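The structure under discussion appears below in the form of structure tokens.
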Amino acid sequence: MGDATPSITTVTIQQDNMSLQITPEKLNGSNYSTWSQSVEMYITGRGKVHYLTGTKPKPVETDAAYPKWVEENAMVKSWLLNSMTSNVRTVFLRLPTAHDVWDAVSQTYFIGKDASQMHELWC
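Just so we're aligned, residue 1 is where the sequence shown starts under the UniProt record's numbering, counting upward by one.
Structure, rendered in structure tokens:
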């Protein structure tokens, strides 16, 4: 019998969890300011903020980058939608891109002031 050393292969799979809760509180309509800051921090930290800002435009379908863009856009869009209450989520669910969702949520809930602006006004 020969000296056969068993080999162990370790496979590490890294994935961005699409169902992960990315904020302490889901967007309910009245907590937009804190929700948007938390979401933006999380998505920026994952290197995907360009899907929110729209600075990574959708490539044409024949472009080699198209499948990856579709996949990553869907992931970011799911992060956004999964961080909303069901009543809020249904309003934005059918929008085609994460950028469209982000902009529509902002237009719906941003009241033109946030805590830092209010602090500057009163101090």
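Note that beta-carbon positions come from the ideal geometry of N, C-alpha and C, so glycine has one too. The structure displayed is predicted, hence computed values, not measured ones.
Taking a contact as a CB-CB distance under 8 Å, the pair residue 98 and residue 27 does not count as one, their CB atoms being some 14 Å apart. Taking C-alpha positions only, residue 87 is separated from residue 110 by approximately 18 Å. About 6 Å separates the CB atoms of residue 22 and residue 39; that is less than 8 Å, so the two are in contact. One Cα belongs to residue 107, the other to residue 24, and the distance between them is close to 22 Å.
With 16 or more other CB atoms across the displayed protein chains lying within 10 angstroms of its CB, residue 76 is buried. Cβ-Cβ separation between residue 65 and residue 59: approximately 5 Å, consistent with a contact (criterion under 8 Å).
For residue 64, no alpha helix (DSSP H) segment is defined, and its DSSP state is neither H nor E. Residue pairing for residue 27: DSSP places it in a beta bridge opposite 84. When the beta-carbon positions are compared, residue 81 and residue 102 stay at least 8 Å from each other.
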